[in-house]
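S.K.: Please read through the structure below; I'll follow up with questions.
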Amino acid sequence: MHRNTVIDDLDELQGAARLPRVKNISHQEQRLAHSQAKRSPHPGHKPKVKAVEVQAEIAAQADDQGRFEFTYTASRYEGVWLLESLGGMVEERWIADVLRMIKGGKEASVYQCRGGPATGLEWIAAKVYRPRRFRQLKNDHIYKEGRDRLDIGGHVINDDRMHHAMNKRTGYGLELLHTSWIAHEFKTLQDLHAAGADVPEPYASGHNAILMEYIGDEDTPAPTLNSLELDRGEARRLFERVLHNLELMLAHGRVHADLSAYNILYWQGEIWLIDFPQAFPPEANKNGFQIFRRDVTRICEYFISQGVRCKPQKIAEGLWTANGFRLAPEIQPQYLDDQSEQDRALWRKAQTASKSASR
Ligand SMILES: Nc1ncnc2c1ncn2[C@@H]1O[C@H](COP(=O)(O)OP(=O)(O)OP(=O)(O)O)[C@@H](O)[C@H]1O
Ligand SMILES: [Mg+2]
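Residue 1086, in this note's numbering, is where the sequence shown stops; the numbers in between run on with no holes.
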């Protein structure tokens, strides 16, 4: 591993003193964490830890990992990260074992786990987020517009000091923002699952991971739709199902904002929409329609390739207005996706219109 990466990893893990109480951390360390938490001036404030203490602590944790005996063999630093993110959930008996990594994504890695006794489930999927510094979500402010900031319990943050820390982007503030992102994904799954949408059932969330229904069987996790060739009848049926979900989401105040065939799982004829950290309420975001249209367009692109005839602009407008949302006439170039031909066409059209208006 590159040296800087290791140093960044260490830096990211400065919250080691506040690790969840897991069975492989000594009582002495737990007492230390507890007494530091008591002294903290703000709720959830993270005391500064000297680099040398952090390194010693991480070394101790890395050694402790052996006692977890997960079936999945993680690298040393991934192991520390897993322990920090899932340790509390193991102790809460949500997870009995980590079996394999299903996929390491740019924002998170998803693991197939054996459900713990608290769940009665054979398998569970754990989405473990990358340390905040390595996350690369571009233009995340676009999706944050109109969204509340949530704490680890999914409650709206009302504490002025916490808002101040987030606005100033202090270390503590960035940590709160990271947690808010995760809480949004979990709450969106909860709300949409309760509404009857095709999403994995969410079970539990922590400061760096969420647990949800695992889609697949013992040996094979469900593939994503983009990797599949469908016959035309099946494609039409699934397309209708995705549209039904889009409508349900709008009716329950959510735009997915990163929807495509890559974020839909397929298993035994059914689909599950996944990956919701950036979902937002349609009415509160001035770019809501453009982002929604991008979702619809990407979905249509896949289904057109599978023989379905559809017109993304018409579908997006129809769903949007049928749910009582207005079509915003202004086009904001900085929010358009330069990879999307449709967005580029929209931009060219706007430029032509403004040129002829100024003649
Ligand atoms: N509930 C689940 N059951 C089975 N597999 C899942 C589940 N959730 C996610 N996965 C797998 O993990 C992958 C990554 O999940 P997700 O899209 O939520 O994370 P991500 O960090 O955004 O990843 P990516 O950058 O690849 O989009 C999915 O493409 C899918 O293969
Ligand atoms: Mg994804």
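We put the beta carbon where it would ideally sit given N, CA and C, even for glycine. Bear in mind the structure is a predicted one, so any value in this text is a computation, not a measurement.
Within its chain, find whatever has a CB closer than 8 Å to the CB of Ala978; leave out the 5 residues flanking it on each side and keep chain order.
M.R.: To locate residue 978, count along the sequence shown from 1; it is residue 251. Cβ within range, chain order: Ala922 and Asn1050.
S.K.: From the DSSP output, in three-state form, read off Ala1128 for me.
M.R.: Limits of the chain in this structure are 728 at one end and 1086 at the other, which puts residue 1128 out of reach.
S.K.: Along the beta strand (DSSP E) that carries Val855, what are the first and last residues, could you check?
M.R.: Here residue 855 refers to the residue found at position 128 when the sequence shown is read from its first residue. Looking at the DSSP string, the run of the beta strand (DSSP E) that includes Val855 is Trp850 to Tyr856.
S.K.: Return the chain-ordered list of same chain residues with a C-beta closer than 6 Å to the C-beta of Phe966, the five sequence neighbours on each side being excluded.
M.R.: By one-based count along the sequence shown, residue 966 stands at place 239. Only Phe1030 and Val1035 meet the Cβ criterion.
S.K.: Would you call Asn885 buried or exposed, if buried means 16 or more other Cβ atoms sit within 10 Å of its Cβ?
M.R.: The count along the sequence shown starts at 1 and reaches residue 885 at position 158. Exposed is the call here.
S.K.: Given that a residue counts as buried once 16 or more other Cβ atoms are within 10 Å of its Cβ, and exposed if not, what is Ser932?
M.R.: Walking along the sequence shown from the start, residue 932 turns up at place 205. It is buried - the Cβ of Ser932 has at least 16 other Cβ atoms within 10 Å.
S.K.: Helix, strand or coil for Leu955, going by three-state DSSP, please let me know.
M.R.: In the sequence shown, residue 955 corresponds to position 228, counting from 1. Correct three-state label for Leu955: coil.
S.K.: Is Asp1022 near ligand 2, judged by its Cβ being under 7 Å from some heavy atom?
M.R.: One-based indexing of the sequence shown puts residue 1022 at position 295. For ligand 2, not one heavy atom lies less than 7 Å from the Cβ of Asp1022.
S.K.: In the DSSP assignment, the alpha helix (DSSP H) including Ser812 goes from what residue to what residue?
M.R.: As a first step, residue 812 is located in the sequence shown; it is residue number 85 there, counting from the start. First-last of the alpha helix (DSSP H) with Ser812: Arg803 to Glu818.
S.K.: Looking at Val969 and ligand 1, is the gap between the Cβ and the nearest heavy atom below 7 Å?
M.R.: One-based indexing of the sequence shown puts residue 969 at position 242. No.
S.K.: Tell me whether Glu811 is buried or exposed, calling it buried when 16 or more other Cβ atoms sit within 10 Å of its Cβ.
M.R.: If you number the sequence shown from 1, residue 811 lands on position 84. Buried, since its Cβ has 16 or more Cβ neighbours within 10 Å.
S.K.: State the Cα-Cα distance for the pair Lys773 and Lys1038, rounded to the nearest angstrom.
M.R.: For the purposes of this step, residue 773 is taken as the residue at position 46 of the sequence shown. For the purposes of this step, residue 1038 is taken as the residue at position 311 of the sequence shown. Model confidence at Lys773 stands at a pLDDT of 43, short of 50, so the residue's coordinates are unreliable; what they give is reported in the following sentence. When rounded, the distance between both Cα atoms is 51 Å.
S.K.: Taking 8 Å as the CB-CB limit, is Glu945 close to chain D?
M.R.: Checking the listed chains, one finds no chain D in this structure; it contains a single protein chain.
S.K.: Go ahead and pull the three-state DSSP assignment for Tyr930.
M.R.: The residue you call residue 930 lines up with position 203 of the sequence shown. Looking at Tyr930 - three-state DSSP - the assignment turns out to be strand.
S.K.: When DSSP labels each residue in this structure, what does Ile785 get in the three-state scheme?
M.R.: In the sequence shown, residue 785 corresponds to position 58, counting from 1. Model confidence at Ile785 stands at a pLDDT of 49, short of 50, so the residue's coordinates are unreliable; what they give is reported in the following sentence. If DSSP states are grouped into helix, strand and coil, Ile785 belongs with the helices.
S.K.: Would you list the one or two residues that DSSP bridges to Gly943?
M.R.: Counted from its first residue, the sequence shown places residue 943 at position 216. Per DSSP, Pro948.
S.K.: Should Gln995 go down as buried or exposed, given a rule of 16 or more other Cβ atoms within 10 Å for buried?
M.R.: Position 268 of the sequence shown holds residue 995. Gln995 comes out exposed.
S.K.: Considering only the alpha carbon of each residue, which of Trp1047, Ile822, His911 and Ala1077 lies closest to Glu1005?
M.R.: Position 278 of the sequence shown holds residue 1005. According to the sequence provided, residue 1005 is Gln. The question's Glu does not apply to it. The option with the nearest alpha carbon to Gln1005 is His911.
S.K.: How about Ala853 and Ile822: do their beta carbons lie closer than 8 Å?
M.R.: Walking along the sequence shown from the start, residue 853 turns up at place 126. Walking along the sequence shown from the start, residue 822 turns up at place 95. For Ala853 and Ile822, yes; Cβs fall inside 8 Å.
S.K.: Whose beta carbon lies closer than 5 Å to any heavy atom of ligand 2, going through the chain in order?
M.R.: The set, ordered by position in the chain, is Asn990 and Asp1002.
S.K.: Please tell me whether Asp925 and Asn894 are closer than 8 Å, where the distance is taken between their beta carbons.
M.R.: Counting from 1 along the sequence shown, the entry for residue 925 is found at position 198. Counting from 1 along the sequence shown, the entry for residue 894 is found at position 167. Taking 8 Å as the Cβ cut-off, Asp925 and Asn894 do not qualify as a contacting pair.
S.K.: If we ignore side chains and look at the alpha-carbon of each, how far apart do Arg827 and Ile942 end up?
M.R.: Against the sequence shown, residue 827 aligns to sequence position 100. Against the sequence shown, residue 942 aligns to sequence position 215. Using only the alpha carbons, I get a separation of about 14 Å.
S.K.: Please return the same chain residues whose Cβ sits closer than 7 Å to the Cβ of Arg963, not counting the five positions on each side in sequence.
M.R.: For the purposes of this step, residue 963 is taken as the residue at position 236 of the sequence shown. For Arg963, where only same-chain residues beyond five positions count, the Cβ hits under 7 Å are Val1035.
S.K.: What are the complete alpha helix (DSSP H) segments, minimum 4 residues, inside the segment 1018 to 1064?
M.R.: The segment 1018 to 1064 contains these whole alpha helix (DSSP H) runs: 1039 to 1049.
S.K.: Go ahead and pull the three-state DSSP assignment for Ile829.
M.R.: Here residue 829 refers to the residue found at position 102 of the sequence shown. Reduced to three states, the DSSP call for Ile829 is strand.
S.K.: Please state whether DSSP places Ile998 in a helix, a strand or coil.
M.R.: As a first step, residue 998 is located in the sequence shown; it is residue number 271 there, counting from the start. Three-state DSSP puts Ile998 in a strand.
S.K.: Could you tell me the alpha carbon to alpha carbon distance between Gln1033 and Glu849, rounded to whole angstroms?
M.R.: Stepping through the sequence shown from its first residue, residue 1033 is reached at position 306. Stepping through the sequence shown from its first residue, residue 849 is reached at position 122. Going from the Cα of Gln1033 to the Cα of Glu849 covers about 34 Å.
S.K.: For Ala764, which residues of its own chain have a beta-carbon under 6 Å away from its beta-carbon, when the five flanking residues on both sides are left out?
M.R.: What you label residue 764 is simply residue 37 of the sequence shown in a count that begins at 1. Caution applies to Ala764, whose pLDDT of 37 falls short of 50 and renders its modelled position unreliable; the value that the coordinates give is listed next. Result list for Ala764: empty, nothing under 6 Å.
S.K.: Report yes if the C-beta distance between Asn935 and Tyr870 is below 8 Å; otherwise report no.
M.R.: On the sequence shown, position 208 is the one that residue 935 refers to. On the sequence shown, position 143 is the one that residue 870 refers to. In this structure, Tyr870 does not lie closer than 8 Å to Asn935 by Cβ.
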